[in-house]
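Residue numbers (this note's numbering): 24 to 192.
A virtual CB, placed ideally from N, CA and C, is assigned to each residue, including glycine.
Here the structure is a predicted model, which means the values were calculated and not measured.
The structure appears below as structure tokens.
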């Protein structure tokens with residue numbers, strides 16, 4: 024899940040309005056502010072100065088942060104090394120990332136971030152998955168279903184499902 028700055032730029036500029044794009048802050052590995060055109064590698068993209076909504080690219084894991092909640096997208100080859108304390112109180116995506124192209128992953132991340140734009144608060148409900156779910160159980164943590172309810176000022180409520188994560192916004 025190592026994305027180039029150009030891939031990030033293409034994915035985010037396609038989806039978001041100029042109003043949202045004007046608030047985006049790209050942050051390099053050394054925590055300096057850069058832009059999509061920089062030579063420096065983008066590690067984080069924040070959607071406001073307070074980083075209430077942000078996405079962080081760590082190679083083996085990508086995390087979306089929204090209103091102090093973390094959604095983790097972990098390379099399935101690394102999931103066996105994660106412990107209960109690593110994922111505690113976080114939303115963990117159980118889909119197969121390795122089956123997706125970079126474009127598909129980034130498109131999904133952009134769709135998920137879109138659900139959190141204008142959020143004032145988020146409530147996460149974690150449910151056990153049925154034995155027949157097909158999601159792999161790991162030595163140190165078990166998969167769950169997550170329902171995320173987003174509070175915002177939008178009159179039109181919507182719902183999106185991404186594998187084991189449902190977002191109502």
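Quick check on the burial criterion: 16 or more other C-beta atoms within 10 angstroms. Buried or exposed for residue i?
i, result
"residue 166", "buried"
"residue 92", "buried"
"residue 150", "exposed"
"residue 155", "exposed"
"residue 187", "buried"
With DSSP as the reference, label residue i as helix, strand or coil.
i, result
"residue 185", "strand"
"residue 84", "strand"
"residue 134", "helix"
"residue 104", "helix"
"residue 117", "coil"
"residue 198", "The structure shown does not extend to residue 198, since the chain is modelled only from 24 to 192, so the question has no answer here."
If you draw a straight line from the C-alpha of residue i to the C-alpha of residue j, how long is it?
i, j, result
"residue 159", "residue 82", "21 Å"
"residue 107", "residue 101", "14 Å"
"residue 33", "residue 169", "29 Å"
"residue 97", "residue 116", "7 Å"
"residue 66", "residue 109", "20 Å"
"residue 88", "residue 111", "15 Å"
"residue 140", "residue 114", "18 Å"
Could you please give me the residues that DSSP links to residue i through a beta bridge?
i, result
"residue 57", "49"
"residue 146", "172"
"residue 191", "172, 182"
"residue 92", "89"
"residue 177", "Beta-bridge pairing links residue 177 to no other residue."
| message | Taking 8 Å as the cut-off, does the segment 172 to 181 touch the segment 117 to 127 (at least 3 CB pairs, one atom from each stretch)? | response | In short, these stretches do not touch, since the Cβ pair count stays below three.
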